[in-house]
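In our numbering, the protein residues as written are 163 to 586. Following: one structure in structure tokens, then a few remarks.
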Ligand SMILES: [Zn+2]
């Protein structure tokens, strides 16, 4: 596929606006000391990692590959005895061995010149571990206060390639989640002019927007075709449903990779780039970086986890008596995937590579129907069962608010000059 042709495709307006604070979640608590019945003005306390930022100095330190925490601490003047005590204390809370190289730790000091009295490590965005060794050695795990706000976005696809969105700096995680929210839409086949809008959660830490949370509702419009997705969760149901309560889930995922592009379509008469002759291509190639996770497109049982000279490392899955899928050229298999393993839709079964007969890293995805290879992009699969009738009143009651929120977001319809011709 011509690189130039696909590169300049522009995706238009992405309107993002903070809407309303979602309740029922943790809110950041900033303690403000008012100085009761006193005339003096007391400065509001600003806390970071539970410490008053006016009392301490924080210093970030990046952990180099293969560095040991003990050595690092020693180079920062921490006593050997304290390091041993810290290792012992940490074992039950958060082992020092779990601190990953390449990530930062933040030293806590009384002032710039002092030796550190502790450090902070953040294993995830919403968690931190405090290692104290100023006085008595103490290790404690904490949750970062955060706020969940509801935001909205809308946009127009000016390309048949959904992937182009990512070149435009659109939040990749959100694209990914939108594929889950309205799974019936084949985002690989997005058409110029298609419109979408969504209402989703955004997590704020210390007042700054960070990752996205759930998508609460989404709509996708392609000509006359309009699809909705609403998040619904209780004891029995969890996931995305359309306005009628039908699950927005597909029998088969559109592709075994997220954010992939089709580098070679199913074609019964293709010129083979390696063999240099005409040979039917009975699969669909998805190009992606080596190591990208490959997903099972549906629930099933692994029948093959093997290697051949042509296929390289490959996995084959039997879904039912009609359908099987096969994934070729893997760099490696997922650890827990063996012959006979039951896998779930979306589960990682291996990683992109170029083993076997391949010019570059990609997955050759092969779809078998009654023992014959077919183009899965032309198949119509039966829809999944809708929810119980008895559930519907509650579903409709719960989704009313979501519908109102989504209706309040206009579809973006700004036309943007289409720069470049489309290779597809
Ligand atoms: Zn192929």
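Think of the CB as a built atom: it goes at the ideal place given N, C-alpha and C, for glycine as much as any other residue.
Does DSSP put residue i in a helix, in a strand, or in coil?
i, result
"residue 408", "coil"
"residue 568", "helix"
"residue 284", "strand"
"residue 541", "coil"
"residue 495", "strand"
"residue 415", "coil"
"residue 546", "coil"
"residue 255", "helix"
What are the partner residues of residue i, as DSSP defines its beta bridges?
i, result
"residue 304", "290"
"residue 224", "266"
"residue 524", "449, 515"
"residue 503", "Beta-bridge pairing links residue 503 to no other residue."
"residue 531", "485, 534"
"residue 209", "214"
"residue 318", "357"
"residue 309", "366"
Figure out for me which residue from the options has the closest Cα to the Cα of residue i.
i, options, result
"residue 427", "309, 252, 538, 233", "538"
"residue 429", "423, 420, 440", "440"
"residue 522", "492, 547, 549", "492"
"residue 244", "278, 216, 220, 404", "278"
"residue 514", "458, 375, 554, 236", "458"
"residue 424", "414, 399, 450, 409", "450"
"residue 410", "305, 524, 341", "341"
"residue 348", "541, 551, 554, 553", "541"
"residue 317", "337, 310, 298", "337"
"residue 571", "380, 273, 404, 556", "380"
"residue 591", "559, 297, 213, 221", "Past the boundaries of the shown model lies residue 591; the chain is included only from 163 to 586, so the question cannot be answered."
"residue 282", "314, 462, 224, 312", "224"
"residue 315", "406, 248, 374, 463", "374"
"residue 498", "398, 489, 209, 512", "512"
"residue 568", "415, 207, 377, 371", "377"
"residue 286", "256, 312, 270", "256"
Assuming residue i and residue j make a contact with CB atoms under 8 Å, what is their CB distance in whole Å?
i, j, result
"residue 246", "residue 252", "No, residue 246 and residue 252 are not in contact; Cβ-Cβ is about 11 Å, not under 8 Å."
"residue 510", "residue 460", "With a Cβ gap of about 14 Å, residue 510 and residue 460 do not count as contacting."
"residue 417", "residue 448", "6 Å"
"residue 528", "residue 445", "4 Å"
"residue 309", "residue 366", "4 Å"
"residue 530", "residue 470", "Incorrect: roughly 16 Å between the Cβ atoms, too far for contact."
"residue 280", "residue 290", "Actually they do not touch by this definition, with Cβ atoms about 12 Å apart."
"residue 526", "residue 490", "4 Å"
In chain order, each beta strand (DSSP E) run of at least 3 residues that lies wholly inside the segment 417-486: 423-426, 429-433, 440-443, 446-449, 455-457, 462-470, 474-480
Any chance you could list the alpha helix (DSSP H) runs of at least 4 consecutive residues sitting entirely within the segment 326-401, in chain order? Complete alpha helix (DSSP H) runs here, min 4: 326-329, 334-343.
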